[in-house]
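Engineer:
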Amino acid sequence: MKMAPSAKPPLATPRRGAPAGTALALIGLALAQLAGVAPAHADDAKPVDFQRDIQPLLAAKCYACHGPDESHREADLRLDDRQAAISHGAIVPGKPAESELLARVKSTDAEQRMPPADHDKPLSPQQIELLTAWIAADAPFETHWAFVPPRRPTLPNAKDQRWAQSPVDRFVLSRIEAAGQTPSPPASAHDLARRVYLDLIGLPPTPEQLEAFLADLDSGRPGAYERLVDRLLSSPQYGERWARPWLDLARYADTNGYEKDRERSIWPYRDWVIQALNADLPYDRFSIEQLAGDMLPGATDAQRIATGFHRNTMLNEEGGIDPLEYRFYAMTDRVATTGLVWLGLTTGCAQCHSHKYDPLTQQDYYSIMALLNNADEPDLLVQDAAVLAKRRQLEQQARELEDHLAEQFPLPAADSSATGTESERRQAHLDQSFAQWLNMQRAETVPWRVIRPTGWQTNLPRLEVLDDGSLFSTGDITKRDEFVLTFDLGALADEQRITALRLEVLPDDRLPAQGPGRAFYEGRKGDFFLSELEASVQLAKRERGTGGADGAGDDDANPRKLEFADASVSYGKLSIGGGSAEASNLFDGDGSTGWSTSGQEGQANELVLPLQTPLSPTGTLSIRLLFERHFAASLGRFRFSIATSSDEQPSEPKPRAHAAVTDELRFLLTKSEPSEDELAQLKRHYLLVAPELAAARKPIDKLRDSLPSLPSTMVMQERPDDNPRPTHRHHRGEYLSPREPVTPALPMFLRSASDEQAPRNRLEFAKWLVSRDNPLAARVAVNRAWRHFWGAGLVRTAGDFGTQADPPTHPQLLDFLAVELVDSGWSLKRLHRLIVTSAAYRQQSAATSERHRDDPDNRLLARGPRARLDAELVRDTFLSVSGLLAMPLGGPSVYPPQPDSVTQLAYGNAKWPESRGESKYRRSLYTFSKRTAPFAAYAVFDGPTGENCLPRRNRSNTPLQALTLLNDPMFLEAAQSLARDLAATAAEPAEKLNRLFRRVLTRPPQAAEAEALLEYYRSQLARLNAGELKPAEIIAGSDSPEAAAWTLTARVLLNLDETISKP
């Protein structure tokens, strides 16, 4: 029987392909799977709670079709908005019987029932009862808990007040007691010490460190554990330990990703993170400097290095790609990462359409992008103190050798009439040779005069005039860039005619490979490709009609193109393809030919353009530069100069290498009467180029060739206010489908009443993210820290605090810690101390069968945290307990041993340049991270690839992990190192085993363990003594059966689950 229509307009039965129209026509799609959702709550007698019972149910099953996403909304019905649901008649507050939602979900008619039979089974009676009770209570809606600013809750009362060591314990104990349970006993001193060492510095305690802690405990002086915690928080290894999870979020890697996956230099950013954490840089400043450190007043190099956070995006280096397209993909990654790290929201879901579950529209998504999108992406030379000191040392040695070059100038040929001492004759010969060189240089040197443009136009890049008159290009580049520069010749105030133009291409530390270009072909390069150059002059009105040498007639009101004679370059070479890089290519009208200086990145070169007809210095000079290639290849820094002459037949200037004659030397060479100091400067230069001293200069050249380069790192740099980058909404999130422009703004649902204070740029956005106006940042940071200590956050969905998130297991504790973090000045060390000094953290982790049955995931926190170590900590633990670990902080990434096949199977068949010496034993944080070929031992233990922001690592258990611990050369070397130490110790086997346990497991062996392992040791020793096994095959370079037997025994202990787990 059909359901009788109500007094309201009849509702259409949904059918496939039917257009959405009436309010509940497709309600079944929203509730199609509600039957399987039964919100969990501890006490069925409690009144229905929207946050706990109703919103999770609606969000999981309704919002996909009846939620915030307007483009996918069915029947024009919203169930995430109370007014919309009421206005459509789906819900009548206080009147369940009149609510069409309930009528449909309770209907027994297959055509009327929601959800339809072909989508899912009907709602369960319990779910219908929840909806009925909620509507009867006036169907109250509440703002999602995470979108409400946290407030400091009142500390709950608990029965066992003596157990609580900190405010954290009051919240934990209240929940444990409400469940009718009690906390677990305290962990042993050995287990607690190992736990807190691994959590705070990522290394187990040495036997000596453990003994010191136990002695402090036994001293009877209160606070021994707290003093241990404070020592660990002050340790330099604290920053290394806590940098790793942050680098997971920052998607840090040492390569660019995608197919080519070539090396990049961004390790200074990693070092900045370590230093900031060790200094306990407040989390709000820690965040602001990473998002917008370059925009802070008087930004330091360290604050600029911090902006590498958003330079960790992948970079496609394939030839011929559009760099702006992949910049867009990088921006989508930055929006998604920012949302995950500081908002705890899956903002990436709104790239193509409005979020299906959270109140984040597609417009909001691109408004966030606009806040982040106005930055250029240069490199920064890092003023590394050690490198600078080494450079100064080598430069000083080179200058000292230069000071003695004159003494090595050759004597003149034998002359019987020569008089004077050998030194006097040497000096006379030097003076004569210098005078000849000086005369020749003066004859060849042209007094170039730098001209500054009075205006310019470009297609996209932005030009800036520097103090030396050069132009520096920033902003985006394309496969066809065009610069048009204008110069006011009348401002030169010079009656001499212009005989030539000169274009200098100049290096700059801010450019890729120090420039002079900005190319993008298989990565960022310092090359350029100038396709065409045109110059013309427009005479001022008062100058027209004068005729004369310029050849301008009375009717010459249009610009006159300038013709050049015998243009030439100081150096030319193409990076890709055949053909020449001659100056004549610039005037052939063929965009596929041109000038490039490939192979001389970081060096200056010049193009000289003699004019066929000298030009009077009047009117406006216009120069057009075209950069056209199948890849972007524009100039980064360049400068124009003119040569003038009063001669009727001026000589044609030739290009010269800047290394040979600098601008300063050119100036000195043009002076008719240089001073004594200026002559000495010229002579010193002559000694550096004189062919007679080529052999004497070799040690100097060798020293200069050995000068270490300053490291560079990738940073962000905000564009000038007068050159903002436009941001558009992209249809379906596609780069090739830009739509209307968007302005920088916060998501609508996060805006405060005072919209005047809303962020309008990257710095303001960064400050807002860590302000009290953002209800999410502190909660997300606290939850992240809790997860690292406990294995799971108070909110289990680490990267999602939206309506689809798991509700917090301890909501009041979450808010307490969030408020405490902010009120403490955003100190992460204080937060960590608060957690690890709690009684909850100090519980033993072992669970009885009853506890495991009742609370398998430890959601009550009624036992201590236990988890397998992360991949890097597994390796660090092995290196530490074996005595191999090298502890220097910071520096370039290293290459510990791994199978050659790992990188050989990646693109390019790259060789893994294995580090030597102590570098191979450095902490795993410093291991070179290649995105397409992650370090093998880390990948086995679920290490990151650096391709995406990673709020939580996956956990797997595979046989390959045990095989790696047994057979990987580095893990085997750890066992061998332990064995050598034990074999060299004068002690009985039982004592040696005791020492082995204390080094590896931070505890003495139990009787049964000692008996079993001693028996194993003796059996292996017997096999070795009998010749069944050979020591050299077990421990390289040793013929000791005892050392080999201890190697095999240590391997057993190192392969225990306890060894690679936090107790």
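In my numbering, the protein residues as written are 4 to 1066. Think of the CB as a built atom: it goes at the ideal place given N, C-alpha and C, for glycine as much as any other residue.
What residues in its chain sit with their C-beta under 6 Å from that of Leu61, if we drop five residues either side in the sequence?
Structural biologist: Leu82.
Engineer: Mark Arg700 as exposed unless 16 or more other C-beta atoms lie within 10 angstroms of its C-beta, in which case mark it buried.
Structural biologist: Taking a 10 Å sphere around the C-beta of Arg700, we find 16 or more other C-beta atoms and assign the residue as buried.
Engineer: To the nearest whole angstrom, what separates the beta carbons of Ala339 and Gly351, a pair I think is in contact under 8 Å?
Structural biologist: 3 Å
Engineer: Which ranges would you report for the alpha helix (DSSP H) in the stretch 765-836 if only whole runs of at least 4 residues count?
Structural biologist: 765-772, 780-793, 814-826
Engineer: Going straight from the alpha carbon of Arg452 to that of Val508, what length do you get?
Structural biologist: 16 Å
Engineer: Work out the CA separation of Arg273 and Gln603 for me, nearest whole Å.
Structural biologist: 30 Å
Engineer: Assuming Ile703 is part of the beta strand (DSSP E), what are its boundary residues?
Structural biologist: Where Ile703 is concerned, there is no enclosing beta strand (DSSP E), although the alpha helix (DSSP H) it sits in stretches over 701-708.
Engineer: Are the beta-carbon atoms belonging to Asn319 and Tyr261 less than 8 Å from one another?
Structural biologist: yes
Engineer: Would His774 and Pro285 qualify as a contact pair, given that the criterion is a beta-carbon distance under 8 Å?
Structural biologist: According to the sequence as given, residue 774 is Ser; it is not His. No.
Engineer: What number of angstroms, rounded off, separates the C-alpha of Asp500 from the C-alpha of Thr647?
Structural biologist: First, the amino acid is wrong: residue 500 is Arg here, not Asp. Rounded to the nearest angstrom, the gap between the Cα atoms of Arg500 and Thr647 is 5 Å.
Engineer: Per DSSP, what are the beta-bridge partners of Gln846 in this structure?
Structural biologist: Pro189.
Engineer: Quick one: measure Cβ to Cβ for Thr596 and Asn608, integer angstroms, because I've assumed they're closer than 8 Å.
Structural biologist: Actually they do not touch by this definition, with Cβ atoms about 18 Å apart.
Engineer: In the structure shown, what three-state DSSP assignment does Thr616 receive?
Structural biologist: strand
Engineer: Apart from the five residues just before and just after Ala1039, which ones in its own chain have a Cβ nearer than 8 Å to its Cβ?
Structural biologist: Non-local C-beta neighbours of Ala1039 in its own chain, meaning closer than 8 Å and more than five positions away in sequence, comprise Gln979, ordered along the chain.
Engineer: Assuming contact is defined by CB atoms lying nearer than 8 Å, are Gly529 and Ser637 in contact in what I supplied?
Structural biologist: no
Engineer: In this structure, does DSSP put Glu380 in helix, strand or coil?
Structural biologist: In the structure shown, Glu380 sits in coil (DSSP, three-state: anything other than H, G, I, E or B).
Engineer: Can the beta-carbon of Ser534 be found closer than 8 Å to that of Phe630?
Structural biologist: yes
Engineer: Excluding five sequence neighbours on each side, which residues of the same chain lie with their C-beta closer than 8 Å to the C-beta of Ala41?
Structural biologist: Confidence at Ala41 is low in this model, with a pLDDT of 38, below 50, so the placement of that residue is unreliable and no value is reported for it.
Engineer: For Glu1061, I'd like the list of residues in its chain whose CB is within less than 7 Å of its CB, leaving aside the five on either flank, ordered along the chain.
Structural biologist: Leu1004
Engineer: Which of helix, strand or coil does DSSP assign to Phe752?
Structural biologist: helix
Engineer: When you compare the CB positions of Leu690 and Ala431, do they come within less than 8 Å of one another, or not?
Structural biologist: no
Engineer: Taking only the alpha-carbon atoms, compute the straight-line gap between Asp194 and Leu220 and give it to the nearest angstrom.
Structural biologist: Looking at the two C-alpha atoms, the distance is approximately 14 Å.
Engineer: Identify, in the order they occur along the chain, each residue of the same chain with its Cβ nearer than 7 Å to the Cβ of His734, setting aside the five sequence neighbours on each side.
Structural biologist: Ser740, Arg742
Engineer: Does the beta-carbon of Ala503 have 16 or more other beta-carbons within 10 angstroms, so that it is buried, or is it exposed?
Structural biologist: By the neighbour-count rule (16 or more Cβ atoms within 10 Å), Ala503 is buried.
Engineer: May I have a chain-ordered list of the alpha helix (DSSP H) segments no shorter than 4 residues that lie completely inside the stretch 42-106?
Structural biologist: 58-64, 66-69, 85-90
Engineer: Could you tell me which uninterrupted alpha helix (DSSP H) segments, each at least 4 residues in length, are contained entirely in the stretch 925-951, listed from first to last along the chain?
Structural biologist: 939-943
Engineer: Need the endpoints of the alpha helix (DSSP H) that Phe630 sits in, please.
Structural biologist: Premise fails: Phe630 lies in the beta strand (DSSP E), 623-631, not in any alpha helix (DSSP H).
Engineer: Would you mind working out which of Glu425, Glu667, Glu321, Leu612 sits nearest Pro658, comparing C-alpha positions?
Structural biologist: Leu612
Engineer: Among all the DSSP beta bridges, which residues are the ones paired with Val897?
Structural biologist: Its beta-bridge partners are Thr930.
Engineer: Flag this pair as yes or no: are the beta carbons of Pro954 and Leu252 separated by less than 8 Å?
Structural biologist: yes
Engineer: Mark Leu1051 as exposed unless 16 or more other C-beta atoms lie within 10 angstroms of its C-beta, in which case mark it buried.
Structural biologist: buried
Engineer: Could you pull the start and end residues of the alpha helix (DSSP H) that Arg687 belongs to?
Structural biologist: Start and end: 679-692.
Engineer: Any contact of the stretch 832-844 with the stretch 899-907, i.e. 3+ C-beta pairs under 8 Å?
Structural biologist: no
Engineer: Can you give me the Cβ contacts of Leu963 inside the same chain, cut-off strictly under 8 Å, excluding the 5 residues immediately before and after it?
Structural biologist: Counting only Cβ-Cβ distances below 8 Å, and skipping sequence neighbours, we find Val943.
Engineer: Evaluate contact between the stretch 324-332 and the stretch 702-720, counting only Cβ atoms and requiring at least three cross-stretch pairs below 8 Å.
Structural biologist: no
Engineer: Give me the Cα-Cα distance between Val825 and Ala781, rounded to the nearest whole angstrom.
Structural biologist: 7 Å
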